[in-house]
Structures are given as structure tokens and as C-alpha cells.
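The opening residue of the sequence shown carries number 34 in my numbering; numbering runs sequentially from there.
In this text, a Cβ means the ideal position worked out from N, Cα and C, and glycines have one as well.
Values in this document were obtained by computation on a predicted structure and should not be read as measured data.
To start, the structure under review is shown below, and the notes come after it.
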Amino acid sequence: MAKSAAADGSTVTTCDAELVVLIASGSQEALVEVYRRHVGYVYGVALRVVGPGALAEEVAQDVFLALWRQPDRYDPSRSPLRGYLAMMASRRAIDRLRSEAARHRREEAATSAEPADRSPVAECDRVATLLDMRDALATLSDEEREAIELAYFGGYSYREVALLLSQPEGTVKSRIRSGLSRIRRSIGSQVGEVR
């Protein structure tokens, strides 16, 4: 917790939630304090997902810029600020990886003189599967979706997901299992067979 001087010369401790309220009122000093407290952790999350380099730094900067622009998106009743920032970093890092991979594929396709190996039927099947997965993820609760995204797209272990979400490990495992079960049922019902 930050300590700042009060008018009477004493020090006042400011918690993360109070700092976010100050950020919402336009306090750059509050943002600097949140950045000071959490940049190492946020950068570490980004680094774990995208690897070393400028991309991890960009993700960390994006997270704090997003907090500055939309501090009202943080709900202190749902998670500590560190967990919220880590979740944002993980999601943004995954988005960056996907974007970079798509850009790389486009560049390779543009420079390749050979026709694509995929048939139109195979490409349609791939797109349909991705759309089914997206729809299935949309049916999950926020808690299930967050845990699954961190575990499967972020590459975190159950224990790491539990730490990031500030939840017991058993709760995280249960959410992932129930979410995966719901995804299987959802996708199975879309193709006419429940697994």
C-alpha cells in the first residue's frame, strides 16, 4: 500500500481499489502508483505468454493504458487489482499472439508461389469448428471462461490459474472441468451427437 503525506503531516495508506477510484477521477499520480506496484507482475504474465521482446512490453503498456481509459471496468468485489491486471495481460498477450500468427500466415501466403494445401471443404470445416468453439465458449460463465482461457490459451497450470484468479485450486479445477464438459455438450449438440 502506498503511503502519502496528509495535511497534518501524518501518512495515509492507499489500497489498490482506492487508487483505481482516483484514476477514474483523472489522477495520473494514482496510475503511476498502480504501475509501480504491478508492472513487474503484469510484464511477467505477458512475458510468459508471448516470450521475451518488445511484444511483452507492448502488452504491459496496453494493460495500464486500458486501466487509465476504462478504470470502471475493474470490480474490486470480483478480484484483487493484481489478478484483474494479470487477466487483462494474459488476454491481450493471447490476442497479440493470434494477431501476429495471422499476420505471419498472410505474409507467407502472399510470398508463396504454391497454392494452399487446403481444399475449400477442409477450410470450411476448420472455420465451422472455430465458430462452434467460439459459440460454446460464449455459453460459459465468466469464471469458467477465464479459467479455461488461462489454462488452455495462456498455458498456465491449475495452480497458476488459481493464483492469478485468487481462487482455491480445487475451485479452478472444478470450473475448468465443468466448462469443458459444457463445451463438449454444446459442440456435440450442434453436430447432432451428444458425447
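Within the stretch 98 to 149, ranges of the alpha helix (DSSP H) (whole runs, at least 4 residues): If we require 4 residues or more, the alpha helix (DSSP H) runs fully inside the stretch 98 to 149 come out as 114 to 144.
Cut-off 8 Å between Cβ atoms - residues of its own chain near E193, not counting five sequence neighbours on either side: Residues of the same chain with a CB within less than 8 Å of the CB of E193, apart from the 5 flanking positions on each side, are L183 in chain order.
Assumed close pair A89, A79 - CB separation to whole angstroms, cut-off 8 Å: Cβ-Cβ separation between A89 and A79: approximately 4 Å, consistent with a contact (criterion under 8 Å).
Of the listed residues A169, P113, L55, P153, nearest to G212 (C-alpha basis): Ranking the options by Cα distance to G212, first place goes to A169.
Local Cβ density within 10 Å of R217, reported as buried at 16 or more and exposed below that: R217 should be labelled exposed.
Close-in-space but distant-in-sequence residues of the same chain around R125 (CB under 7 Å, 5 per side omitted): So the qualifying residues of the chain are V92, D95, V96.
Sequence-distant residues of the same chain with beta carbon closer than 8 Å to S190, five excluded per side: A184.
Boundaries of the alpha helix (DSSP H) in which Q61 is found, first to last residue: Its alpha helix (DSSP H) spans residues 61 to 83.
Per-residue DSSP class, three states only, for T47: Look at T47 here: in three-state DSSP terms it is strand.
Neighbourhood of S110 by C-beta, 6 Å cutoff - its chain only, sequence neighbours within 5 removed: Same-chain partners within the cutoff: there are none.
Three-state class that DSSP yields for T172 in the structure shown: The DSSP-derived three-state label of T172 is coil.
Environment of L164 [buried if 16+ CB atoms lie within 10 Å]: Exposed, by the Cβ-count rule.
C-alpha distance - C48 paired with R210, whole-angstrom precision: Cα to Cα, C48 sits roughly 34 Å from R210.
Straight-line Cα distance separating M166 from S214: Using only the alpha carbons, I get a separation of about 13 Å.
Nearest-angstrom Cα separation, counted from R139 out to W101: Looking at the two C-alpha atoms, the distance is approximately 33 Å.
Of the listed residues A57, A122, K206, nearest to V72 (C-alpha basis): Residue A122 is the option with its Cα nearest to V72.
Check whether A119 and Y74 have beta carbons under 8 Å apart: Taking the C-beta atoms as reference points, Y74 is found nearer than 8 Å to A119.
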